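Right, one structure below, let's go through it.
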Ligand SMILES: Nc1ncnc2c1ncn2[C@@H]1O[C@H](COP(=O)(O)OP(=O)(O)OP(=O)(O)O)[C@@H](O)[C@H]1O
Ligand SMILES: Nc1ncnc2c1ncn2[C@@H]1O[C@H](COP(=O)(O)OP(=O)(O)OP(=O)(O)O)[C@@H](O)[C@H]1O
Ligand SMILES: [Mg+2]
Ligand SMILES: [Mg+2]
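Chains as they are written, first to last, in the working numbering: chain H, 1 to 275; chain S, 1 to 275; chain Y, 1 to 246; chain U, 1 to 246; chain V, 1 to 305.
Below, the structure is given as structure tokens:
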């Protein structure tokens with residue numbers, strides 16, 4: 001006849017277990033990442049063992065190539081070139097794209113006028129933009145970075161525009177009543193609400209930018225990971241391609257782990273974390 | 001000594017003006033789009049007139065090429081092939097990506113484990129995925145579409161994960177108390193909150209997919225817009241490249257205008273629209 | 001444990017509920033809180049703001065499982081609970097009517113809601129979205145949602161604030177009707193002593209945070225005898241018993 | 001227009017305010033609403049739920065400009081307004097203290113807030129985020145924000161709901177202190193007649209929607225004379241004057 | 001066509017030079033005449049056909065012998081039959097003050113095909129040996145996509161461009177001249193004659209299972225080449241495919257004819273082996289992998305008799 005559904009013992013036991021594992025998860029994100037990567041390598045190794053193919057070299061071989069390229073200094077050089085392009089294009093794209101996106105999200109009249117332009121630029125193939133940029137501005141670093149940024153900006157705009165449309169008007173009203181200055185408004189009202197959109201645009205943005213940088217380097221640069229990957233693609237050396245790819249991924253992972261995630265945890269600490 | 005800051009006359013005049021222009025904006029989105037496109041063509045024509053170059057043919061020439069290709073049936077055929085690939089990859093990527101993204105956003109332990117995998121797949125160059133897919137699964141349509149989907153899925157995951165993280169717990173609690181079924185939960189609690197993220201992932205998603213389809217077609221298909229564009233790139237026929245690009249952009253615009261925007265207006269009609 | 005045949009009460013026995021804030025502050029919301037509400041009884045929780053009333057309701061609703069202690073819902077209660085939250089919590093993307101119907105079980109989905117909406121003064125508001133309601137109207141919509149579900153247990157967190165006296169009175173009467181229509185156990189949080197004395201069988205008086213039961217006030221008087229002068233008497237009775245509370 | 005030298009009143013003259021809901025329903029919220037509040041006066045708006053009180057405040061706060069009619073704020077009012085909204089509207093991503101400080105002008109940003117937080121019972125909550133507060137605590141934080149700004153005009157939309165009587169009383173006294181400290185014009189919405197009679201110089205009684213002024217009740221009695229029996233008398237006076245309202 | 005004739009799937013670039021020959025085969029029914037049925041599969045890029053070949057989707061593609069040798073040394077059983085000896089060249093504007101390799105120092109040179117391109121390595125090697133110049137250090141090298149580099153050379157942003165032969169031919173028609181060709185470098189570095197840079201590439205396994213079919217294809221190809229070598233009218237027919245007319249078509253035609261291989265396979269193989277060693281020195285392991293010698297069997301043995 002007792003129809004309870006919450007019992008103290010089990011509940012508090014669950015709580016303790018959760019607290020412990022939460023502490024581990026928070027204190028040791030690096031450990032989780034390591035475990036995760038090991039798991040991935042294991043899977044990869046198994047797959048490479050089961051279906052041996054030149055197109056899927058085992059992890060060890062890729063590791064060997066990686067070490068060799070690193071020792072020769074090539075890896076570092078090309079990686080550095082690519083990284084600088086990625087960072088430059090990322091900064092340009094995020095800043096320009098966020099500003100335009102938020103404006104379009106707020107002013108529906110501007111939005112309905114410029115939307116077709118946006119659709120156009122969103123769907124312009126990277127090839128077209130890159131070639132045009134190289135033709136007009138020469139085979140220069142500025143043209144390359146500009147071309148990448150132009151490829152990415154429409155995506156940022158689209159995401160940030162959704163964010164601006166989903167803003168809660170009550171906070172803006174509060175800000176009006178208490179006459180917050182424009183800087184305070186951006187910092188305390190706009191940015192926290194746009195944070196998830198910014199994070200989304202940013203994460204998928206940097207990945208997209210890196211992919212376009214590869215194409216840019218392939219079409220008209222003489223260094224960088226994209227240049228190298230294409231070189232190895234021509235002689236079909238998948239191990240080397242993977243080595244360069246994974247070197248970049250590793251850097252992204254480090255940034256994610258030691259920069260993005262701590263920042264994000266800080267920015268969203270006010271959200272009651274669901275288990 | 002009168003220190004008012006709201007005066008009836010000006011306010012109601014402003015209101016009327018706004019109501020009128022709002023009616024126009026809502027009733028004639030097609031007209032706005034047309035005006036916007038005309039403006040763009042004008043700019044383009046001017047630029048082409050000022051700096052005549054093979055790399056920037058005037059709009060009229062592109063239009064002529066477009067008509068020619070359309071008349072020969074090539075345009076229709078290649079466009080259709082590309083479109084079907086885009087649609088198929090889009091559906092696969094959005095469904096798989098949304099489900100995984102929401103799950104990762106809700107379960108932080110799974111997220112912290114799989115995050116490195118996500119970063120890896122996010123940053124795998126399209127080239128690598130496409131080549132591996134072709135080598136393993138042969139040069140089939142399925143391999144092509146699968147490769148595109150795999151390229152896009154991580155982006156969808158990242159965006160939807162942010163959405164899931166930003167969910168308001170109060171609505172889920174209400175649903176728990178009133179014992180909403182899982183279907184109702186998804187339909188009435190989850191989807192409306194995820195809508196802006198879905199819209200963002202969707203818009204920038206279809207653009208990204210189309211760009212990757214171009215690469216896929218370049219690397220191993222014998223038809224499609226990407227195939228054509230690359231052919232024309234080899235002989236540096238920018239007018240033809242633009243013709244194919246713009247044909248696709250036109251289709252996207254039509255979809256945006258007659259499908260996406262009405263749907264979106266419907267989905268967000270509850271939001272008090274800001275002027 | 002109850003002897004067979006006797007309806008099981010709502011039994012609460014929470015030894016501790018602690019929050020850890022994001023900034024690391026530890027807040028003990030409840031400590032040694034235990035009380036019972038008999039099946040079919042109407043009880044009120046009365047206590048200072050911030051003492052832990054909402055926290056208690058959330059635990060009983062199964063929304064917060066990180067506490068030590070236990071509780072037990074009356075029979076049949078686990079599947080027919082209704083709640084009025086302290087804030088309305090309507091889905092902004094659904095109209096008033098959709099919000100109410102959504103909470104109904106499949107069996108009741110198509111129920112006729114005309115009378116309910118009329119009593120609540122919502123008839124002309126059925127097709128509005130929550131952002132188009134005044135706060136008082138939104139509260140009434142939340143009440144409509146709770147009442148429409150024909151619950152076996154009813155949790156109410158200050159349901160009648162933001163309402164003018166006249167409307168509040170009408171809704172209190174409606175609450176009594178809903179509660180009396182079938183055996184419903186009700187637990188209501190309120191800051192309004194007169195309201196508590198008018199509606200409740202017993203009033204559970206809580207201490208400031210961490211919440212503990214200071215004492216229980218049984219309103220002996222039958223409900224139809226509780227008119228204005230009788231209430232005045234009850235109020236002074238209450239103040240005599242709990243000179244420090246409220 | 002005022003002759004020079006005489007302080008300008010808060011003057012409201014709204015001929016109509018209509019909402020169009022998303023589903024196309026037209027709702028007339030206000031029609032022919034006009035009243036005045038002299039500078040330095042404390043006025044209360046009293047009216048049934050959903051009659052248009054919040055709408056009126058929003059118009060006066062400049063948040064809604066789509067109405068016909070006009071209004072005029074007292075001198076100096078356009079730049080030192082404070083408001084307590086019907087719901088707390090705290091920024092969820094800022095702590096209680098940050099929320100309060102944010103509303104302060106640059107000049108006041110570093111002001112000592114200890115005493116204010118203490119009176120409001122928020123001292124130990126300064127570093128909490130709004131989602132970690134009870135509703136009553138959140139309301140008090142919203143009050144802290146309004147009071148800290150040293151406003152020239154104060155708009156309050158049911159500021160003392162969700163609070164126990166004792167806390168509410170303390171806060172009413174605090175409000176009086178803040179209002180009296182410098183020449184502040186205050187307009188407060190409430191559903192609590194005793195509260196209105198305790199605090200206000202005049203009570204503006206509104207009709208059901210569309211809101212119109214039914215009449216004005218001047219509370220002649222000086223504030224320090226308004227004790228419990230005096231209030232009882234005022235209540236019955238009020239009921240005699242407005243037999244239909246509240 | 002004879003429906004029972006064995007099918008051969010050949011992957012080519014739609015506007016590539018190979019397609020001119022295949023189109024001639026198809027149009028003049030040289031395949032049917034040799035008892036086979038050539039099916040042309042179009043791709044947009046050279047890499048695409050390589051991927052398709054490795055994915056097992058095609059019977060024949062066109063690629064260069066170095067690639068074949070490298071694949072062979074890694075266990076793929078690819079082999080090749082010569083297709084063309086035409087190779088790239090460094091082109092400069094007619095009136096440019098660049099007369100020889102030493103003049104390239106300090107100039108901006110576009111190079112198609114990347115840093116491991118054969119022609120580029122050979123010319124680099126020659127410059128090193130004869131003039132003691134390291135082009136990679138002395139000049140500004142820009143790698144990039146071939147069409148883009150051509151465009152840049154025309155606009156004057158590049159002082160010189162090393163491009164694939166048909167891009168060079170088109171440039172020639174637009175007022176450029178050859179500064180030095182890769183074939184010059186080949187000879188200077190010790191080859192006795194032109195070596196087929198490109199060949200029809202197929203799997204040994206396929207050739208062994210269908211020796212007649214493979215041979216018939218070679219014959220059909222030879223027939224097409226003969227026609228293209230003699231008939232200007234055939235070139236007029238091909239003009240839309242070549243995407244050129246007038247002078248441009250003529251230059252392309254002449255260069256194509258010059259590239260038709262005409263030496264015994266054994267000679268070519270010997271020269272190729274020699275070149276391989278030179279290239280292995282120049283390009284190092286990056287270019288050739290671990291094998292320091294050309295993989296035996298890179299040239300299809302059946303053609304030697
Ligand atoms: N998520 C949380 N994190 C930290 N502290 C919390 C959290 N939720 C509630 N608290 C704290 O617990 C205490 C009790 O809160 P609760 O909401 O139960 O109060 P209440 O009795 O309902 O008050 P009120 O009458 O004002 O609604 C408060 O001091 C509050 O600050
Ligand atoms: N954005 C809107 N769209 C449509 N109708 C609205 C909108 N905002 C308010 N209303 C309507 O206007 C009327 C007055 O609303 P208001 O919020 O002013 O009431 P109120 O007097 O503050 O009531 P309460 O005491 O319940 O807070 C209500 O009927 C409400 O439904
Ligand atoms: Mg509460
Ligand atoms: Mg209101």
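We treat Cβ as the ideally placed atom computed from N, Cα and C, and that holds for glycine.
Computed from a predicted structure; not experimentally measured.
(message) Quick check: is the beta carbon of residue 240 of chain V nearer than 9 angstroms to any beta carbon in chain S?
(response) Output row for residue 240 of chain V: interface = no.
(request) Within 10 angstroms of the Cβ of residue 149 of chain H, are there 16 or more other Cβ atoms? Answer buried if so, exposed if not. (result) Residue burial is scored here from C-beta neighbours: residue 149 of chain H has at least 16 other C-beta atoms within 10 angstroms and is therefore classed as buried.
(message) Are the CB atoms of residue 139 of chain H and residue 137 of chain V within a distance shorter than 9 angstroms?
(response) Not a contact, by the Cβ cut-off of 9 angstroms.
(request) Report, in whole angstroms, the separation of the C-beta atoms of residue 185 of chain Y and residue 216 of chain Y, which I expect to be a contact under 8 angstroms. (result) The Cβ separation is near 16 angstroms, so there is no contact.
(request) Compare the C-alpha of residue 169 of chain S against each of Y:15, Y:230, Y:167 and Y:63 and name the closest. (result) Nearest to residue 169 of chain S by C-alpha distance, out of Y:15, Y:230, Y:167 and Y:63, is Y:63.
(request) Look up residue 10 of chain V in the DSSP assignment and say whether it is helix, strand or coil. (result) In this structure, residue 10 of chain V counts as strand in the three-state DSSP scheme.
(request) Decide if residue 88 of chain S is buried, meaning its Cβ has at least 16 other Cβ atoms within 10 Å, or exposed. (result) For residue 88 of chain S, the number of other beta carbons within 10 angstroms of its own is at least 16, and it is reported as buried.
(message) Can you find the residues in the same chain that come closer than 6 angstroms, C-beta to C-beta, to residue 156 of chain Y, ignoring five residues on each side of it along the sequence?
(response) If we look at residue 156 of chain Y and ignore the five residues flanking it on each side, its Cβ neighbours are 84 and 188.
(request) Would you check if the region 151-162 of chain H and the region 190-209 of chain H touch, i.e. whether three or more CB-CB distances between them fall below 8 angstroms? (result) A contact between stretches requires three or more CB pairs, one per stretch, nearer than 8 angstroms, and the region 190-209 of chain H meets this requirement with the region 151-162 of chain H.
(request) Could you list which residues in chain Y have their beta carbon closer than 9 angstroms to that of residue 161 of chain U, in chain order? (result) Under the 9 angstroms cutoff, chain Y gives 158, 161, 162 and 191.
(request) Inspect the CB distances between the region 128-145 of chain V and the region 104-117 of chain V and report whether three or more fall short of 8 angstroms. (result) With a cut-off of 8 angstroms, the region 104-117 of chain V and the region 128-145 of chain V count as touching, because enough Cβ pairs lie within range.
(message) According to DSSP, simplified to helix, strand and coil, what is residue 9 of chain U?
(response) In the structure shown, residue 9 of chain U sits in coil (DSSP, three-state: anything other than H, G, I, E or B).
(request) Please state if the CB of residue 234 of chain Y and the CB of residue 223 of chain Y are separated by a distance shorter than 9 angstroms. (result) The Cβ atoms of residue 223 of chain Y and residue 234 of chain Y do not sit closer than 9 angstroms to each other.
(message) Among H:65, H:191 and H:164, whose alpha-carbon lies nearest the alpha-carbon of residue 106 of chain H?
(response) Comparing Cα positions, the closest option is H:164.
(request) Report back the beta-carbon spacing between residue 199 of chain V and residue 85 of chain V to the nearest angstrom; my notes put them in contact at under 8 angstroms. (result) With 8 angstroms as the limit, residue 199 of chain V and residue 85 of chain V do not qualify as a contact, their Cβ atoms being about 10 angstroms apart.
(message) Quick check on DSSP: helix, strand or coil for residue 125 of chain V?
(response) Here DSSP, grouped into helix, strand and coil, assigns residue 125 of chain V to helix.
(request) Decide if residue 255 of chain H is buried, meaning its Cβ has at least 16 other Cβ atoms within 10 Å, or exposed. (result) It is exposed - the Cβ of residue 255 of chain H has fewer than 16 other Cβ atoms within 10 Å.
(request) Identify the continuous alpha helix (DSSP H) that holds residue 77 of chain S and give its terminal residues. (result) Per DSSP, residue 77 of chain S is one residue of the alpha helix (DSSP H) stretching across 74-106.
(message) Restricting to Cα atoms, I'd like to know which of U:165, U:151, U:213 and U:71 is closest to residue 40 of chain U.
(response) Nearest C-alpha to residue 40 of chain U: U:151.
(request) Buried or exposed for residue 180 of chain Y, please, with buried defined as at least 16 other CB atoms from any protein chain shown within 10 angstroms of its CB. (result) For residue 180 of chain Y, the number of other beta carbons within 10 angstroms of its own is below 16, and it is reported as exposed.
(request) Inspect the CB distances between the region 35-50 of chain Y and the region 250-264 of chain S and report whether three or more fall short of 8 angstroms. (result) Under the three-pair Cβ rule at 8 angstroms, the region 35-50 of chain Y does not count as touching the region 250-264 of chain S.
(message) Counting only beta-carbon separations shorter than 9 angstroms, does residue 219 of chain U have a partner in chain H?
(response) No - not a single Cβ of chain H is within 9 angstroms of the one on residue 219 of chain U.
(request) Spell out whether any CB of chain H is found under 9 angstroms from the CB atom of residue 229 of chain U. (result) No, its Cβ sits nowhere closer than 9 angstroms to a Cβ of chain H.
(request) Tell me, please, whether the region 91-108 of chain Y touches the region 161-176 of chain Y by the rule of three or more beta-carbon pairs shorter than 8 angstroms. (result) Contact fails: fewer than three Cβ-Cβ distances are below 8 angstroms.
(message) So within the region 48-113 of chain V, which uninterrupted alpha helix (DSSP H) runs reach at least 4 residues, ignoring any that extend past its ends?
(response) Listed in chain order, the alpha helix (DSSP H) elements of length 4 or more contained wholly in the region 48-113 of chain V are 65-73.
(message) Between the region 65-83 of chain V and the region 23-35 of chain V, can you find at least three pairs of beta-carbon atoms closer than 8 angstroms?
(response) Between the region 23-35 of chain V and the region 65-83 of chain V there are fewer than three C-beta pairs closer than 8 angstroms, too few to call the two in contact.
(request) Could you check what DSSP says for residue 306 of chain V in three-state terms: helix, strand or coil? (result) In the structure displayed, chain V extends from 1 to 305; residue 306 of chain V sits before or after that span and is not available.
(message) Across the region 109-119 of chain H and the region 30-39 of chain S, are there enough close Cβ pairs to call them in contact, namely three or more that are closer than 8 angstroms?
(response) The answer is yes - the region 30-39 of chain S touches the region 109-119 of chain H, with three or more Cβ pairs under 8 angstroms.
(request) Check the C-beta distance from residue 258 of chain U over to residue 158 of chain Y and give it rounded, since I have them as a contact under 8 angstroms. (result) The displayed coordinates of chain U run from 1 to 246. Any statement about residue 258 of chain U would go beyond what the structure contains.
(request) Return yes when at least one heavy atom of ligand 4 lies under 8 angstroms from the C-beta of residue 204 of chain S, else no. (result) Not one heavy atom of ligand 4 sits closer than 8 angstroms to the Cβ of residue 204 of chain S.
(message) Beta carbons nearer than 8 angstroms to chain S: which residues of the region 25-58 of chain V have them?
(response) Residues of the region 25-58 of chain V whose Cβ lies closer than 8 angstroms to any Cβ of chain S, in chain order: 41, 42, 43, 44, 45, 47, 48, 51, 52, 54, 55, 56 and 57.
(request) Could you name the residues of the region 254-265 of chain V whose beta carbon sits closer than 8 angstroms to any beta carbon of chain S, in the order they occur along the chain? (result) Those residues of the region 254-265 of chain V that come within reach of chain S (Cβ to Cβ, closer than 8 angstroms) do not exist; the list is empty.
(message) Check for me: the beta strand (DSSP E) holding residue 151 of chain S runs from which residue to which?
(response) Taken as a continuous stretch (DSSP letters only), residue 151 of chain S belongs to no beta strand (DSSP E), being part of the alpha helix (DSSP H) at 141-165.
(message) For residue 135 of chain U, would you say it is in contact with chain Y, using Cβ-to-Cβ distances shorter than 9 angstroms as the test?
(response) At least one chain Y Cβ lies under 9 angstroms of residue 135 of chain U.
(message) For residue 338 of chain S and residue 71 of chain S, what's the separation of their Cα atoms in angstroms?
(response) The structure shown has nothing for residue 338 of chain S, since chain S only spans 1 to 275.
(request) Would you grab the beta carbon distance between residue 14 of chain V and residue 66 of chain V for me? Rounded to a whole angstrom, and I think it's under 8 angstroms. (result) That pair is no contact at about 24 angstroms.
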